[in-house]
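Residue numbers (the numbering used here): 21 to 448.
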Ligand code: HAM
């Protein structure tokens with residue numbers, strides 16, 4: 021038997037993980053500046069949590085969950101998204117009692133049994149944030165602004181569009197649904213089979229249909245933004261005003277539907293034209309009823325999740341150069357005695373915080389220096405017989421080729437000023 025992974029489940033290899041670290045570090049940095057703290061919740065939850073939050077009639081719950089019975093017969097599900105677990109933890113640990121608002125972020129693997137293709141996997145990773153306890157439009161705007169600043173920081177904002185809409189409150193949606201049913205009923209013969217069914221069950225989903233005829237019909241459908249209740253309209257206008265104030269660019273897309281049932285009012289998606297069909301790299305919105313639905317005190321909330329794999333694909337396109345860190349120094353030696361010296365020196369320099377490489381295969385000095393060059397080392401530290409005898413090492417600037425004799429004691433300080441850091445491995 022040749023071991024292999026499960027379809028839709030991927031290994032993330034070391035050269036790629038460097039990009040993951042870059043994105044995760046940026047997210048932590050930005051989110052913490054906005055007062056968000058990390059939370060880690062289990063990947064397994066009771067199935068009911070997702071049925072009640074995401075909605076029993078959604079694609080995720082109906083077709084995509086990895087659900088199985090535990091040994092005691094209780095039904096468990098691998099989390100298909102992060103919000104439900106975070107809200108459960110918020111309620112279970114009475115976090116709402118500790119402060120008026122609670123701002124949380126998370127990073128982790130989610131599981132959905134979808135048909136795998138580029139940018140769509142069965143195990144995928146999200147970075148998400150949830151702002152609980154405020155119904156203020158500023159909370160929506162700040163959450164969206166934070167997401168946008170993070171995307172700017174990793175250099176991807178230019179390749180992305182923030183699409184914004186409002187689903188309104190229950191009152192807005194009920195009236196709007198009636199109008200949609202009226203509109204699509206007049207064209208029922210032109211709808212695809214799925215949409216004919218949706219007309220009865222959830223007419224909003226027709227707006228999201230990818231089939232050409234339905235999509236063309238949806239173009240002419242009434243817009244939710246013209247059908248908001250007074251309160252929802254004011255809320256949405258305030259969100260737009262706050263985004264305008266921070267200069268976060270957005271376009272209105274009244275056809276954003278979202279595949280999860282918990283949303284109300286503000287919804288948004290961050291899309292790209294660079295990734296084909298899987299064009300949403302992030303999405304979110306307000307979900308004022310969810311905490312109560314899961315047994316907590318009524319607590320308005322807003323949040324988002326970013327799809328890591330899609331961000332990585334985009335990052336590879338936008339900055340194809342490597343993310344490998346270059347060694348500050350590569351130690352090359354000649355002979356057994358120098359090898360022992362090199363071994364000890366490497367440890368000393370590493371303990372001092374430097375990134376140092378060397379190899380023990382005893383290859384020629386020329387091969388070792390070639391390796392140093394390939395790794396993009398800032399310096400080569402050379403220990404030959406002559407240097408051993410004189411109690412010094414030779415320090416070679418790999419860029420200029422200049423060499424100088426340095427006492428091993430002074431090496432750490434000398435290399436500290438080196439040129440290590442982000443950069444690509446040269447060649448293959
Ligand atoms: P979602 O739209 O289902 O929202 O997922 C958010 C993002 O996760 C998507 O925009 C996409 O980038 C990524 N994603 C989803 N499914 C896959 C997949 N099969 N393969 C790769 N990437 C995927 C949520 O999950 C909500 N919990 C977001 C949220 C947080 N709303 C409020 N708070």
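In this text, a Cβ means the ideal position worked out from N, Cα and C, and glycines have one as well.
Specify the secondary structure class of residue i as computed by DSSP and reduced to three states.
i: residue 61; result: coil
i: residue 405; result: helix
i: residue 266; result: helix
i: residue 384; result: coil
i: residue 144; result: strand
i: residue 212; result: coil
i: residue 390; result: helix
i: residue 277; result: coil
i: residue 138; result: coil
i: residue 272; result: strand
i: residue 66; result: strand
i: residue 306; result: strand
i: residue 42; result: helix
i: residue 430; result: helix
i: residue 327; result: strand
i: residue 30; result: coil
i: residue 158; result: helix
i: residue 399; result: strand
i: residue 23; result: coil
i: residue 47; result: helix
i: residue 223; result: helix
i: residue 177; result: helix
i: residue 229; result: coil
i: residue 170; result: helix
i: residue 55; result: coil
i: residue 436; result: helix
i: residue 246; result: helix
i: residue 258; result: helix
i: residue 314; result: coil
Identify every residue that forms a DSSP beta bridge with residue i.
i: residue 18; result: Outside the modelled stretch of the chain, which goes from 21 to 448, sits residue 18, for which no answer is possible.
i: residue 89; result: 95
i: residue 151; result: 123, 322
i: residue 338; result: Partner(s): none; residue 338 has no beta bridge.
i: residue 376; result: 349
Go to residue i, then tell me how far its beta strand (DSSP E) extends in each direction, as first and last residue.
i: residue 127; result: 122-131
i: residue 353; result: 349-353
i: residue 80; result: Here residue 80 belongs to no beta strand (DSSP E), and DSSP marks it neither H nor E.
i: residue 196; result: Note, residue 196: premise wrong, no beta strand (DSSP E); alpha helix (DSSP H) at 190-205.
i: residue 183; result: 181-186
i: residue 289; result: 284-291
Between the C-alpha atoms of residue i and residue j, what's the straight-line distance to the nearest angstrom?
i: residue 413; j: residue 361; result: 10 Å
i: residue 236; j: residue 224; result: 15 Å
i: residue 77; j: residue 98; result: 18 Å
i: residue 209; j: residue 318; result: 43 Å
i: residue 168; j: residue 335; result: 15 Å
i: residue 281; j: residue 228; result: 14 Å
i: residue 310; j: residue 323; result: 12 Å
i: residue 87; j: residue 29; result: 16 Å
i: residue 151; j: residue 288; result: 15 Å
i: residue 261; j: residue 211; result: 37 Å
i: residue 432; j: residue 374; result: 8 Å
i: residue 444; j: residue 52; result: Unreliable positioning characterises residue 444 in this predicted model, as indicated by a pLDDT of 44, which lies under 50. A coordinate reading is not provided.
i: residue 155; j: residue 190; result: 15 Å
i: residue 349; j: residue 382; result: 18 Å
i: residue 198; j: residue 340; result: 49 Å
i: residue 442; j: residue 422; result: Residue placement at residue 442 is flagged as unreliable, the pLDDT there being 37, under the threshold of 50; the coordinate-derived value follows with that caveat. In a straight line, the C-alpha of residue 442 is about 23 Å away from that of residue 422.
i: residue 410; j: residue 343; result: 39 Å
i: residue 270; j: residue 327; result: 19 Å
i: residue 205; j: residue 219; result: 8 Å
i: residue 283; j: residue 73; result: 10 Å
i: residue 384; j: residue 21; result: 41 Å
i: residue 255; j: residue 96; result: 38 Å
i: residue 121; j: residue 203; result: 41 Å
i: residue 415; j: residue 159; result: 55 Å
What residue does the alpha helix (DSSP H) around residue i start on, and which one ends it?
i: residue 297; result: Per DSSP, residue 297 belongs to no alpha helix (DSSP H) and is neither H nor E.
i: residue 111; result: 103-112
i: residue 84; result: Run containing residue 84: none; DSSP gives neither H nor E here.
i: residue 365; result: 356-371
i: residue 118; result: 115-118
Please find out if some non-hydrogen atom of ligand 3 comes closer than 7 Å to the beta-carbon of residue i.
i: residue 319; result: In the structure on display, ligand 3 does not appear, and the ligands it does have are ligand 1.
Is there a Cβ from chain D that is less than 8 Å from the Cβ of residue i?
i: residue 299; result: Here chain D cannot be found, since the structure has a single protein chain.
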